[in-house]
Each structure stands twice: as structure tokens, then as C-alpha cells.
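**Q** Here my numbering is used: the sequence shown runs in plain steps of one and ends on residue 143.
We put the beta carbon where it would ideally sit given N, CA and C, even for glycine.
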Amino acid sequence: MKLAMSIGLTILSLISSYIPSQVLAQSPESSSVEAPLRVTVLSYNIHHAEGVDGRLDLDRIAAVIRRSQADLVSLQEVDQCVTRSERVDQPRELAKRLGMHVVFGANIDLQGGEYGNAVLSRYPIKFNKNHLLPNVGGGEQR
């Protein structure tokens, strides 16, 4: 739950700091009535791109994201150059396939790579910082 709140706050921060100044800026001649801003956000645990059939398939993950038409995508359980996922840089590959911007935040080192969260965005990402949450109880780092 804390992870979801952290990701949600990060996404809201991205939206509030970037979109209003870049997208909603109006010239003095424009109408005084602003069109409502609609941003679609998707949260998706991709389980390192492994489906219930046991197959690694980034194309399948990309197809789900594409169908959602999301502007911002929060991804959990993402591998970056990890052996179990064929050392693929999953965040970069998904961004390339979808034509989106990406940032990755590593939570743990795993099998020669890193495992963590990523944010894909149709909008340029001007700043990012990964904040690890306190690890109580010895569970997986969040």
C-alpha cells in the first residue's frame, strides 16, 4: 500500500508540475473557458514480463499498455538486465515499443541486473528521484 501511495504521489507530482504549465498555457486571445484536462493513468504489475503461461513476452505487455491509451504508466516488478528475463532492459524496451519516455527506479540488485519500478510517460520527464522506503521486517526492499 505504501508503494502504491508513493508511486501515486510521484505520478501526481509529475502531472501537477509539468502538464499545467506546458499544456494548459493559453494566449491572451484564447477563450476564457478552459477545456478540462484528461490524463489516463495505468498501474501495472508486469511480473518481469512473465505471463501465467510462464513465457516472457514484452510485446504482450506493450499491447496491454497500448490498448489502455494511458498517458502515464506506473510499472511494478520490472527487470533491468536481469538473467531470468534474458538480460533485457525492460523499461527501455517498453518505452521504445510504445514511443514513450521512461524512468526506472531500482529496488534491489538481482542476477547481474536490477529489479524495481518504472514510469512510462507520453510527456517528457524533467526530473526523477528514487526513494527507497524503510525496510521493516526484512521483506523485499520497496
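Fully enclosed by the segment 51-106, which beta strand (DSSP E) runs are 3 residues long or longer?
**A** Here the runs fully enclosed are 73-81.
**Q** Counting C-beta neighbours from all protein chains within 10 Å, is the total for residue 58 16 or more, i.e. buried, or is it exposed?
**A** Counting from 1 along the sequence shown, the entry for residue 58 is found at position 57. Per the 10 Å Cβ criterion, exposed.
**Q** Comparing alpha-carbon positions, which option in 138, 61, 107 lies nearest residue 1?
**A** Residue 1 lies beyond the residue range present for the chain, which begins at 2 and ends at 143; the question has no answer from this structure.
**Q** How about residue 124 and residue 79: do their beta carbons lie closer than 9 angstroms?
**A** Counting from 1 along the sequence shown, the entry for residue 124 is found at position 123. Counting from 1 along the sequence shown, the entry for residue 79 is found at position 78. Not closer than 9 angstroms, so no.
**Q** Tell me whether the beta-carbon of residue 95 lies closer than 9 angstroms to the beta-carbon of residue 111.
**A** Along the sequence shown, read from residue 1 onward, the residue named residue 95 stands at position 94. Along the sequence shown, read from residue 1 onward, the residue named residue 111 stands at position 110. No, the pair does not count as a contact, with Cβ atoms beyond the cut-off.
**Q** Take residue 81 as the anchor and find which of 74, 91, 64 has the nearest alpha-carbon.
**A** Residue numbering aside, residue 81 sits at position 80 when the sequence shown is read from its first letter. Looking at the Cα atoms, 91 is the closest of the given residues.
**Q** Output the distance between the C-alpha atoms of residue 38 and residue 73, rounded to the nearest integer angstrom.
**A** In the sequence shown, residue 38 corresponds to position 37, counting from 1. In the sequence shown, residue 73 corresponds to position 72, counting from 1. The alpha-carbon atoms of residue 38 and residue 73 are separated by roughly 14 angstroms.
**Q** Apart from the five residues just before and just after residue 87, which ones in its own chain have a Cβ nearer than 8 angstroms to its Cβ?
**A** Mapped onto the sequence shown, residue 87 falls at position 86. Same-chain partners within the cutoff: 57.
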